[in-house]
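The listed protein sequences correspond, in order, to chains G and P.
Be aware that the first sequence starts at 1, since it is given in the numbering used here, and climbs by one per residue.
Be aware that the second sequence starts at 195, since it is given in the numbering used here, and climbs by one per residue.
Glycine included, every Cβ here is placed at the ideal spot set by N, Cα and C.
Step one of this worksheet: look at the structure below.
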Amino acid sequence: MKELFAILIGAMLIENFVLSKFLGICPFLGVSQKTSTALGMSGAVVFVNTLASLVTYLVNDLLLKPNGLEYLQTIAFILVIAALVQFVEIVLKKLVPPLYKALGIYLPLITTNCAILGSALINVDPARDYSLLEAVFFGFSAALGFSMALVLFSGIRERLETSDIPESFKGMPIALIAASLVSVAFVGFAGLVI
Amino acid sequence: MDIIIPVAVISGLGLFFGIGLAYASKVFAVKTDEKMEKVKELLPGANCGACGYTGCDGLAEAIVKDGISPSKCPVNSKEGTNAIAEFLGIDEGEVSQMVARVICQGTWRNAGKKYEYQGIQDCHAANQLAGGMSQCFYGCIGLGSCQHACPFGAIEVINGLAKVNPDKCTGCGICVAQCPKGIIKLVPVLTGYTVLCANHEKGGIAKRNCKVSCIGCMKCQKVCPNDAIKVKEYLAEIDYTKCVNCGKCAEVCPQSCIHDAMHERLPYEPQDELTG
Numbered sequence: 001m002k003e004l005f006a007i008l009i010g011a012m013l014i015e016n017f018v019l020s021k022f023l024g025i026c027p028f029l030g031v032s033q034k035t036s037t038a039l040g041m042s043g044a045v046v047f048v049n050t051l052a053s054l055v056t057y058l059v060n061d062l063l064l065k066p067n068g069l070e071y072l073q074t075i076a077f078i079l080v081i082a083a084l085v086q087f088v089e090i091v092l093k094k095l096v097p098p099l100y101k102a103l104g105i106y107l108p109l110i111t112t113n114c115a116i117l118g119s120a121l122i123n124v125d126p127a128r129d130y131s132l133l134e135a136v137f138f139g140f141s142a143a144l145g146f147s148m149a150l151v152l153f154s155g156i157r158e159r160l161e162t163s164d165i166p167e168s169f170k171g172m173p174i175a176l177i178a179a180s181l182v183s184v185a186f187v188g189f190a191g192l193v194i
Numbered sequence: 195m196d197i198i199i200p201v202a203v204i205s206g207l208g209l210f211f212g213i214g215l216a217y218a219s220k221v222f223a224v225k226t227d228e229k230m231e232k233v234k235e236l237l238p239g240a241n242c243g244a245c246g247y248t249g250c251d252g253l254a255e256a257i258v259k260d261g262i263s264p265s266k267c268p269v270n271s272k273e274g275t276n277a278i279a280e281f282l283g284i285d286e287g288e289v290s291q292m293v294a295r296v297i298c299q300g301t302w303r304n305a306g307k308k309y310e311y312q313g314i315q316d317c318h319a320a321n322q323l324a325g326g327m328s329q330c331f332y333g334c335i336g337l338g339s340c341q342h343a344c345p346f347g348a349i350e351v352i353n354g355l356a357k358v359n360p361d362k363c364t365g366c367g368i369c370v371a372q373c374p375k376g377i378i379k380l381v382p383v384l385t386g387y388t389v390l391c392a393n394h395e396k397g398g399i400a401k402r403n404c405k406v407s408c409i410g411c412m413k414c415q416k417v418c419p420n421d422a423i424k425v426k427e428y429l430a431e432i433d434y435t436k437c438v439n440c441g442k443c444a445e446v447c448p449q450s451c452i453h454d455a456m457h458e459r460l461p462y463e464p465q466d467e468l469t470g
């Protein structure tokens, strides 16, 4: 249990994907304009990342490792994740239409997201030596961390909308400045020892 | 030999997933109504939600399943709506293209300001503060809540007055719901002479607050040959079932607040230092 808790805190705060590893910056800036869309995206990321962690770990463990093909991880994982998301989408559409509607466009959108691929690659890093349960939990926690960053930031951007900002900073520039400030704040977690 | 195994593994994976997906799409295929697909194609696809459904998909479903009239879509052109009706073999009903009109001429020069507003740049916020900074309580606040809401970029705020570009306006009605003063009206495109004022105050007060306000002088009511204009609570109203668009009311209006909104490009002032 203790290890799992360490993974949760580590993945969410210390090595937050967006704010300290700079993975998944595209959706972080792209869909953070409204809290509602940010929540939709977050749900999809948590869902896909957890599933992808499970499948990529198995592919790596059963297929790549025994054949000494670890150097193929990147390309194999992209293939696996893309196919997996497509498959999940088809199944959801048939069996759980409400969930399919809730996740909507965000599900196919994150197929090739670097946060998902990054999480899969970090999971099979030999230095970490995760078990299957730990790997899945890491994927889940990392996605939670991503969601937290996304929702936090969308809140900030909704405030920015109504603030008095100098003309030349309106829109993306002020969003990037705000993102960097949030990121600096998260550096504070780097000193956390679990 | 070294190269064969990796190639085989990756192509094997690809093949496996390819076949798997092809199989899954067969097994889990969701039957969609062909009619619905076709109706969806004929709708504008703007997904603006002005029809009250969740988007063009939602409306297509309602048209096919519940028999909702295709004219429910205010964005679609008449031809498009007719095409849907023809495709479904139903009578499309009375279809008419709508357009949004701002019933106000209160630019800063015409209406003036009560105070300098420096808060959130949003009409609803300004409206909380003594009904906005315009002298006229009923008039346009001019912070552009409608402009931001318009998905088609058809509204522009010039000199503190929202102006609808009829060429871009699709009549979706989103701005109507946004305006805290309720001075944007959705009217048929063919509506001509319009009273461009919403002020219900007595003549003297209305005149002091805005140079082009309706003062309820009754001149238009008297001159109208068809009894189409009635002044109610110091504000002229045109009954479009009777109006023949003769324009006599506009000629006699001392405040020049009746205009042929369909043909005339309204007398807006050029953008100048009075802005904002």
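Let's test the definition: count the other Cβ atoms within 10 Å of the Cβ of residue i and tell me whether it reaches 16, buried, or not, exposed.
| i | result |
| --- | --- |
| MET412(P) | exposed |
| GLU15(G) | buried |
| GLY200(G) | For chain G, the structure presents residues 1 to 194; residue 200(G) sits outside this window and is missing. |
| ARG295(P) | buried |
| PHE140(G) | buried |
| MET12(G) | buried |
| SER42(G) | buried |
| PRO27(G) | buried |
| ARG159(G) | exposed |
| SER147(G) | buried |
| ALA185(G) | exposed |
| THR301(P) | buried |
| PHE210(P) | exposed |
| SER119(G) | buried |
| GLU288(P) | Here the model assigns GLU288(P) a pLDDT of 49, short of 50, so the residue's position is not dependable, and the following value carries that caveat. Classification of GLU288(P): exposed, given that the 10 Å Cβ count is below 16. |
Name, in chain order, the residues that DSSP records as bridge partners for residue i.
| i | result |
| --- | --- |
| LYS307(P) | SER328(P) |
| THR388(P) | HIS453(P) |
| LEU51(G) | Its beta-bridge partners do not exist; DSSP assigns none. |
| MET292(P) | PRO382(P) |
In three-state DSSP terms, what is residue i?
| i | result |
| --- | --- |
| VAL187(G) | helix |
| LYS34(G) | coil |
| LYS379(P) | strand |
| LYS424(P) | strand |
| MET412(P) | coil |
| ALA430(P) | strand |
| ILE352(P) | strand |
| VAL406(P) | coil |
| VAL96(G) | coil |
| LYS357(P) | strand |
| ALA127(G) | coil |
| VAL221(P) | helix |
| LEU107(G) | helix |
| LEU23(G) | coil |
| THR275(P) | helix |
| ASP196(P) | coil |
| VAL45(G) | helix |
| ILE297(P) | coil |
| GLN372(P) | helix |
| ILE213(P) | helix |
| THR364(P) | coil |
| LYS436(P) | coil |
Between the Cα of residue i and those of the options, spot the shortest distance and give me the residue it belongs to.
| i | options | result |
| --- | --- | --- |
| LYS308(P) | ILE278(P), ALA319(P), LEU323(P) | LEU323(P) |
| ASP433(P) | ILE399(P), VAL381(P), CYS447(P) | VAL381(P) |
| CYS451(P) | VAL370(P), LEU429(P), CYS437(P), LYS229(P) | LEU429(P) |
| VAL293(P) | VAL438(P), THR385(P), CYS418(P) | THR385(P) |
| LYS416(P) | CYS317(P), CYS447(P), SER271(P) | CYS447(P) |
| ILE199(P) | TYR100(G), GLY30(G), GLY145(G), LEU72(G) | LEU72(G) |
| VAL233(P) | TYR247(P), ALA254(P), THR226(P) | ALA254(P) |
| LEU192(G) | THR56(G), VAL182(G), GLY10(G) | GLY10(G) |
| LYS436(P) | ALA279(P), CYS418(P), ALA277(P), GLU350(P) | CYS418(P) |
| ILE262(P) | ILE368(P), CYS414(P), GLU231(P), LEU282(P) | LEU282(P) |
Quick one: which chain C residues come within Cβ less than 7 angstroms of residue i?
| i | result |
| --- | --- |
| ASP316(P) | The chain labelled as chain C is not found among the protein chains of the depicted structure, namely G and P. |
Does the segment 389-407 of chain P come into contact with the segment 253-272 of chain P, if we say contact requires no fewer than three beta-carbon pairs (one atom in each stretch) closer than 8 angstroms?
no
At least 3 beta-carbon pairs within less than 8 angstroms: the segment 37-49 of chain G vs the segment 197-215 of chain P
no
Could you check whether the segment 123-137 of chain G touches the segment 57-70 of chain G, counting it as contact only if at least three pairs of C-beta atoms, one from each stretch, sit closer than 8 angstroms?
yes
Across the segment 128-138 of chain G and the segment 92-102 of chain G, are there enough close Cβ pairs to call them in contact, namely three or more that are closer than 8 angstroms?
no
Could you say if the segment 359-371 of chain P and the segment 409-426 of chain P meet the contact criterion of at least three C-beta pairs nearer than 8 angstroms?
no
Is there contact between the segment 334-354 of chain P and the segment 363-370 of chain P, where contact requires at least three CB pairs shorter than 8 angstroms?
yes
Under 8 angstroms, with one C-beta from each stretch per pair, do the segment 136-151 of chain G and the segment 47-56 of chain G reach the 3-pair mark?
yes
Can you confirm whether the segment 234-241 of chain P touches the segment 108-120 of chain G when touching is taken to mean that 3 or more C-beta pairs between the two stretches lie within less than 8 angstroms?
no
Taking contact to mean at least 3 C-beta pairs separated by less than 8 angstroms, is the segment 325-338 of chain P in contact with the segment 400-415 of chain P?
yes
Within the chosen definition, does the segment 74-93 of chain G reach the segment 166-186 of chain G through at least 3 CB pairs nearer than 8 angstroms?
no
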